[in-house]
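Asks:
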Amino acid sequence: MRAAPPPRAPRARAAPGARNSRGRLKRSPSAKREFMKSTGHPRGWPGHVVDHIVPLACGGRDSPSNMQWQTTAEARAKDKVERRGC
């Protein structure tokens with residue numbers, strides 16, 4: 269008689285602050301899609317990027333309520349200074 273296989277553990281979800289193989293914080297593609305769709309730009313907005321109001325690195329949530337559209341130039345400027353206060 270064969271022994272029953274051990275039970276499988278539930279799939280682990282990325283914990284807040286989890287990082288990918290490049291060391292970058294993991295982001296939720298579904299949250300970004302939801303934000304883009306809800307703002308009327310489901311395929312993106314030329315010259316703009318999706319920005320986290322409270323940066324993920326500072327404990328911000330990866331949810332549509334913490335996202336905003338930002339011009340590419342504004343994003344570059346914000347990225348230079350936003351993490352100093354974390």
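The numbering of the sequence shown is this note's numbering, which starts it at 269 and goes up by one. Yeah, the Cβ is synthetic: ideal placement off N, Cα and C, and Gly gets one too.
Let's test the definition: count the other Cβ atoms within 10 Å of the Cβ of residue 297 and tell me whether it reaches 16, buried, or not, exposed.
Replies: So residue 297 ends up on the exposed side.
Asks: Looking at the ligand HEM, does it come within less than 6 Å of residue 318, judged from the CB to the closest heavy atom?
Replies: Summarising the ligand content, the structure contains no ligands, and the ligand HEM is consequently not present.
Asks: Can you have a look at residue 322 and say buried or exposed, based on whether 16 or more other CB atoms are within 10 angstroms of its CB?
Replies: Classification for residue 322: exposed.
Asks: Output yes or no for whether 7 Å exceeds the beta carbon distance between residue 317 and residue 343.
Replies: A contact, by the Cβ cut-off of 7 Å.
Asks: In the DSSP assignment, find the alpha helix (DSSP H) that holds residue 349 and state where it starts and stops.
Replies: Counting along the chain, the alpha helix (DSSP H) containing residue 349 begins and ends at 340-349.
Asks: Could you give the distance in angstroms between the alpha-carbon of residue 336 and the alpha-carbon of residue 301?
Replies: Approximately 12 Å between the Cα atoms of the pair.
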